[in-house]
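Asker: Can you read through this structure? Questions will come right after.
Residue numbers (the working numbering): 396 to 929.
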């Protein structure tokens with residue numbers, strides 16, 4: 396029913412967020428590829444990522460999946476950039492390379508030289524797998540050598556953990572990119588489109604937005620680390636209220652808007668063709684770049700800050716001969732458990748809902764809809780809570796299918812998932828599992844509402860704790876009571892002290908909520924999503 400104070404609404408440093416996103420495909424225009432060459436020649440830091448069509452049930456003897464999209468985010472450093480770029484001569488450009496339409500031999504040399512250039516620091520998140528797939532894709536398209544190494548390279552999460560733990564050994568469970576983004580930038584990086592079909596053309600604007608954000612956030616995170624490193628040498632990073640600003644507006648926009656046109660964000664640079672025509676190579680004595688050439692030489696040498704970071708934290712990704720071929724799984728098939736009297740065998744393609752749900756009165760249920768959302772639809776769980784529906788998540792991070800089903804059975808919940816493998820288990824309990832078909836959270840919410848004929852009213856909106864699924868206390872708290880209740884774990888903004896606002900507290904996790912701007916925006920959003928005005 397209410398609004399919770401976010402960790403941080405913005406980037407804790409005051410760097411510029413203006414950047415442009417370019418879809419690079421010869422089918423549409425050659426300007427994007429020319430601008431990419433220019434940007435690589437004028438960048439000392441790049442963020443790398445790749446997307447491919449998910450393989451649901453891979454054949455061990457088959458080849459690696461072909462990469463469909465290569466994302467390159469360039470932190471451009473050039474005095475010729477427009478003064479609109481925060482007056483710093485620095486800005487960011489994000490390129491989405493359509494590897495399905497670009498002749499790969501035409502860009503192989505440029506990418507290979509960039510991967511090994513000592514004057515370009517490459518950023519990534521567990522990029523070795525991406526490089527393996529990327530190398531396989533190029534080899535199968537006439538580039539026999541593929542790619543062998545990336546150097547100097549810096550894994551964002553490795554650097555985060557090293558600095559955060561003051562040089563201690565990395566924990567076994569490394570943070571995801573979304574988790575690092577949430578903690579460092581205070582921005583929620585949605586991963587719901589990660590498993591979408593990246594081989595389909597044209598890509599949706601939401602897919603382009605997702606792909607661009609995955610690469611651009613690497614630059615944002617690294618910029619924070621670099622500035623802290625330059626100022627303090629080493630630092631245990633932690634986002635606090637005192638160092639927040641509006642610097643991540645660009646990243647927040649790309650994450651929140653799905654109706655973005657061809658340039659996903661309006662960048663503050665000139666158009667590609669105008670920019671390239673305006674470049675005067677004579678202004679840079681060291682610049683040996685010829686626009687349109689496939690050779691690669693950077694215009695600038697690394698500055699002292701980058702050089703120190705590379706010397707201390709730089710890594711190298713080196714592919715071995717064994718990385719050229721897919722590994723054959725040696726895992727033996729699991730023994731099939733016998734069917735019990737209350738179980739049924741699920742057909743391979745039988746994902747439609749049949750029969751009454753477990754909360755139905757005919758099955759001695761209480762009539763209150765209850766769901767259990769696995770890790771693949773965690774975002775859906777929060778959306779269900781926002782409309783007042785009981786939506787739990789697994790008690791452990793990586794539960795076995797049997798444990799998931801047991802939790803659903805005990806609590807009389809329907810298990811929501813996008814994992815088709817769950818439907819193939821012999822011990823599935825009747826009317827306990829539903830496979831969600833849509834990718835986007837809003838569409839998933841509507842699908843569940845329509846499938847289970849849920850009744851949603853306006854007074855149900857924001858009536859549950861979105862953090863833990865708990866209920867709120869019956870009597871609201873005053874400002875003084877809320878300050879006391881949140882002492883030690885939640886800070887009430889001072890701007891609320893003089894306002895006559897009621898606070899509500901979750902009975903399970905003690906999270907405090909109030910009716911603020913976020914609350915009213917959320918109510919309006921779910922009124923539209925659930926079509927309550929119709």
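All C-beta atoms in this analysis are idealised placements derived from N, C-alpha and C, irrespective of residue type, glycine included. From a predicted model like this one, the values you see are computed outputs, not experimental measurements.
Can you list the beta strand (DSSP E) stretches of 3 or more residues lying completely in the segment 806-875, in chain order?
Answerer: Segments of the beta strand (DSSP E) lying fully in the segment 806-875: 809-812 and 828-830.
Asker: Taking contact to mean at least 3 C-beta pairs separated by less than 8 Å, is the segment 494-503 in contact with the segment 515-535?
Answerer: Contact between the segment 494-503 and the segment 515-535 is present, because at least three Cβ pairs lie under 8 Å.
Asker: Alpha carbon to alpha carbon, how far is residue 877 from residue 860? Give it in angstroms, no decimals.
Answerer: Using only the alpha carbons, I get a separation of about 16 Å.
Asker: Return helix, strand or coil for residue 515, following the three-state DSSP convention.
Answerer: The answer is coil: DSSP assigns residue 515 none of H, G, I, E or B.
Asker: May I ask you to verify whether the segment 616-625 touches the segment 573-588, counting CB pairs closer than 8 Å and requiring at least 3?
Answerer: A contact exists between the segment 616-625 and the segment 573-588.
Asker: How would you write the range of the alpha helix (DSSP H) that residue 918 sits in, first residue to last?
Answerer: Here the alpha helix (DSSP H) through residue 918 covers 912-924.
Asker: Across the segment 808-821 and the segment 831-847, are there enough close Cβ pairs to call them in contact, namely three or more that are closer than 8 Å?
Answerer: Taking 8 Å as the limit for Cβ pairs, the verdict is that the segment 831-847 does touch the segment 808-821.
Asker: For residue 750, count the other beta carbons within 10 Å of its own beta carbon; 16 or more makes it buried, fewer makes it exposed. Which is it?
Answerer: Label assigned to residue 750: exposed.
Asker: Quick check: the Cα distance between residue 915 and residue 784, rounded to an integer number of angstroms?
Answerer: About 19 Å.
Asker: Considering only C-alpha positions, which residue in the set 543, 853 and 898 is nearest to residue 873?
Answerer: That would be 898, whose Cα lies nearest to the Cα of residue 873.
Asker: By alpha-carbon positions, which one of 609, 769 and 603 ends up nearest to residue 794?
Answerer: Closest by alpha carbon: 769.
Asker: Quick check for students: name the residue ranges of the beta strand (DSSP E) that lie wholly in the segment 749-803, counting only runs of 3 or more.
Answerer: As far as the segment 749-803 is concerned, its whole beta strand (DSSP E) runs of at least 3 residues are 765-768 and 785-787.
Asker: Could you round the C-beta distance between residue 458 and residue 495 to whole angstroms and report it? I think they count as a contact, below 8 Å.
Answerer: Not confirmed; about 16 Å, so no contact.
Asker: Starting from the C-beta of residue 763, find all residues in its chain whose C-beta is less than 7 Å away, skip the five residues before and the five after it, and write them out in chain order.
Answerer: Hits under 7 Å: 754 and 785.
Asker: Could you give the DSSP three-state label for residue 500: helix, strand or coil?
Answerer: Residue 500: helix per DSSP, three-state reduction.
Asker: Where residue 885 and residue 904 are concerned, what is the direct C-alpha to C-alpha distance, given to the nearest angstrom?
Answerer: Rounded to whole angstroms, residue 885 to residue 904 spans 12 Å at the Cα level.
Asker: Does the distance from the C-beta atom of residue 528 to that of residue 447 stay below 8 Å?
Answerer: Cβ distance < 8 Å, so residue 528 and residue 447 count as in contact.
Asker: For residue 863, which of 791, 787 and 927 has the nearest alpha-carbon?
Answerer: Selected option, being the one with the closest Cα: 787.
Asker: Just the Cα atoms here: how many angstroms apart are residue 868 and residue 908?
Answerer: Cα-Cα distance, rounded: 11 Å.
Asker: State the Cα-Cα distance for the pair residue 792 and residue 839, rounded to the nearest angstrom.
Answerer: Whole-angstrom Cα-Cα distance: 22 Å.
Asker: Thinking just about the alpha-carbon of each residue, which of 587, 493, 718 and 434 is nearest to the one in residue 772?
Answerer: Cα-wise, what sits closest to residue 772 is 587.
Asker: Hey, could you find the ends of the alpha helix (DSSP H) residue 543 is sitting in?
Answerer: No alpha helix (DSSP H) holds residue 543; DSSP gives it neither H nor E.
Asker: Can you tell me which of the three DSSP states residue 987 falls into?
Answerer: Here the chain comprises residues numbered 396 to 929, so residue 987 is not present and cannot be evaluated.
Asker: Give me the Cα-Cα distance between residue 926 and residue 714, rounded to the nearest whole angstrom.
Answerer: Looking at the two C-alpha atoms, the distance is approximately 52 Å.
Asker: With distances taken from CA atoms, which of 722, 808 and 756 is nearest residue 776?
Answerer: Considering only alpha carbons, the answer is 808.
Asker: Looking only at C-alpha atoms, which of 923, 422, 505 and 574 sits nearest to residue 852?
Answerer: That would be 923, whose Cα lies nearest to the Cα of residue 852.
Asker: By how many angstroms is the C-alpha of residue 700 removed from the C-alpha of residue 625?
Answerer: In a straight line, the C-alpha of residue 625 is about 6 Å away from that of residue 700.
Asker: Quick one: Cα of residue 572 to Cα of residue 704, how far?
Answerer: Near 20 Å, if we compare the C-alpha coordinates of residue 704 and residue 572.
Asker: State buried or exposed for residue 900, treating a residue as buried only when at least 16 other CB atoms are found within 10 Å of its CB.
Answerer: Result: buried.
Asker: Shortest alpha-carbon distance to residue 523 belongs to which of 443, 509 and 493?
Answerer: Closest option to residue 523, Cα to Cα, is 443.
Asker: Can you tell me whether residue 432 is buried or exposed? The criterion is at least 16 other CB atoms within 10 Å of its CB, across all chains shown.
Answerer: It is buried - the Cβ of residue 432 has at least 16 other Cβ atoms within 10 Å.
Asker: Between the alpha carbons of residue 910 and residue 439, how many angstroms are there, rounded?
Answerer: Rounded to the nearest angstrom, the two C-alpha atoms are 46 Å apart.
Asker: Can you list, in chain order, the residues of its chain whose CB lies under 7 Å from that of residue 511, leaving out five sequence neighbours each side?
Answerer: Around residue 511: 544 and 546.
Asker: Going by DSSP, which residues form a beta bridge with residue 466?
Answerer: Its beta-bridge partners are 444 and 491.
Asker: Can you tell me where the alpha helix (DSSP H) holding residue 433 begins and where it ends?
Answerer: Here the alpha helix (DSSP H) through residue 433 covers 426-436.
Asker: Is residue 767 closer than 8 Å to residue 796 when the C-beta atoms are compared?
Answerer: No, these two residues do not count as a Cβ contact at 8 Å.
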